[in-house]
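Structure, as structure tokens:
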């Protein structure tokens, strides 16, 4: 019964984190970059949205501002990587650290800014989960459609090829550096958009909001893709799978809380889930694959 | 078409690993030439190709393609003039993308990538017909991920990609070296046909002396970052592997060191 009561909240929050995971999907799966900027940019999105809402700015403008702030963060990481030659993982860590200061600045030195959902018009709030689910459902669908259209344009295809095979891309005249920056900007824009929705939903922006966000996103991605790739391995299905992964993650999350796990240990749980998804395919290949007899046709080949 | 003047490149200068890869190389290729390049291990064949593609900047010298100085042009910009097939069959195609998508990206080489549909319907039909000319059964698998194809099939697709938007210069970097003999012969046959049909100016590196003699209208041999043998036309047609080995020893005063080249 308690669990059923918690379910709508889990779905609503799962949709928000699923949206965030779509951003991570773009950097991690499409660009093949483990971009750690997102731990900072999700918080930046939340901070920008919360502070602007507090100033009485229209909610849509707050969301747009959050999205742009995330895109700028992604651009910084991209330029650190491509223009200054810093390894991508380090570039992300550097930007993430920069963002901690930036986020404090946005919050005016406070560690938490509350959003009063009665005084401000917000799109989603935890006090009304059914409407939050509908709103997030529409927003997520819109984002998936836009990305679907974009990644099948001439430019979109070259962003995919940049992550898939940079040598081939350069040989075909693709500006790989520009595409990486653009891809990271889009990825972090979406992450910050999710941050803005999170601030509205929770009714606050906290300086520690993004800690470990990438791990939650990766968990959502792995859970989602483990199912969607088996159904239909295409772009749209993968994105829907990632959203589904986010929802499943939050249902499990709520379930273990109800089982009595202290919230202090939840980050450990997230990390273990991701570790399992990363380790299992490796262990399977390394220790549990039986050697097959060599087919005759292959054995003959060579030279 | 291609004019290289006094090209120098030294790797790891000032260290124990210092390697003079190109040592004042001069090369002039006329429009329509099909040049095969042969040379021992570390002769500078691949370095020459990488220099033309702009993988790094040469220490000094000048590279012109069709009258345009490309010496300091970034690689993705000069790709507009170049079609390229790598030695590694995995390098020339994006494995997680469809055959049609790979071809579409190649068809737009040298143009600005816009926010319009990446593969048009009419294009698919065109690609289907092109793939049919390969006679590998790929025309029915246009929507398949390239990663599902064999190495030989991927090299054939890469060849199509390199020639789809007619390049001023086609660069083949030992593109059959990683294939089994039967597939290699098939890919070479496709190469000859594509070069002939599109009248492409071509530079083909090979480790196989027989291939170097059998293909193209001009043959150059490299040693220590320089061109030591350069034969063309009738003289090249009459060449044998023994002649080549002899020419090499005479020109460089050294044994030809590459087991693959002699045995292949």
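Residue numbers (this note's numbering), protein chains in the order written: chain A, 1 to 303; chain B, 1 to 264. The beta-carbon is built from N, C-alpha and C at its ideal position, and this holds for glycine as well.
Judged by DSSP in its simplified three-state form, residue 263 (chain A) adopts helix. Proximity of residue 79 (chain B) to chain A, defined by a Cβ-Cβ separation below 9 Å, is satisfied. Using a CB distance cut-off of 9 Å, residue 154 (chain A) counts as an interface residue toward chain B. Residues of the segment 175-194 of chain A that bring their beta carbon within less than 8 Å of a beta carbon in chain B comprise 175 and 176, in sequence order. Residue 218 (chain A) sits away from residue 150 (chain A), with the two beta carbons spaced by 9 Å or more.
Burial is judged here by how many other beta carbons sit within 10 angstroms of a residue's own beta carbon; residue 129 (chain B) has fewer than 16 and is exposed. The Cβ atoms of residue 21 (chain A) and residue 242 (chain A) lie closer than 9 Å to each other. Against chain B, the CB of residue 150 (chain A) has a partner CB under 9 Å away; the residue lies at that interface. DSSP places residue 120 (chain A) outside both helix and strand once states are collapsed to three, so it counts as coil. For residue 106 (chain B), the residues of chain A that pass the 7 Å Cβ criterion are 172, in the order they occur in the chain. Interface residue (Cβ-Cβ distance to chain A less than 9 Å): residue 34 (chain B) is not classified as such. Secondary structure of residue 115 (chain B) (DSSP, three-state): coil. For residue 206 (chain A), the three-state secondary structure derived from DSSP is strand.
DSSP, read as helix, strand or coil, puts residue 230 (chain B) in strand. Residues of chain B whose Cβ lies closer than 8 Å to the Cβ of residue 238 (chain A) do not exist; the shortest such Cβ separation is about 11 Å.
Sorting A:272, A:181, A:191 and A:169 by C-alpha distance to the C-alpha of residue 86 (chain B) places A:169 at the top.
DSSP places residue 173 (chain B) inside the beta strand (DSSP E), whose first and last residues are 169-173. Under the three-state reduction of DSSP, residue 18 (chain B) is assigned to coil, being neither helix nor strand.
Residue contact with chain A for residue 133 (chain B): absent (no Cβ-Cβ distance below 9 Å to any residue of chain A). Looking at A:283, A:23, A:214 and A:9, the one whose alpha-carbon comes closest to that of residue 130 (chain A) is A:9. If only complete runs of 3 or more residues are kept, the segment 145-188 of chain A shows no beta strand (DSSP E) anywhere.
Under the Cβ criterion of 9 Å, residue 202 (chain B) is not counted among the residues facing chain A.
Residues of chain A with a Cβ closer than 8 Å to the Cβ of residue 94 (chain B) are, in chain order, 160, 161, 164, 165, 168 and 169.
For residue 60 (chain B), the beta-bridge partners assigned by DSSP are B:8.
When C-beta atoms of the segment 167-179 of chain B are compared with those of the segment 198-210 of chain B, three or more pairs fall below 8 Å, so the two segments count as touching.
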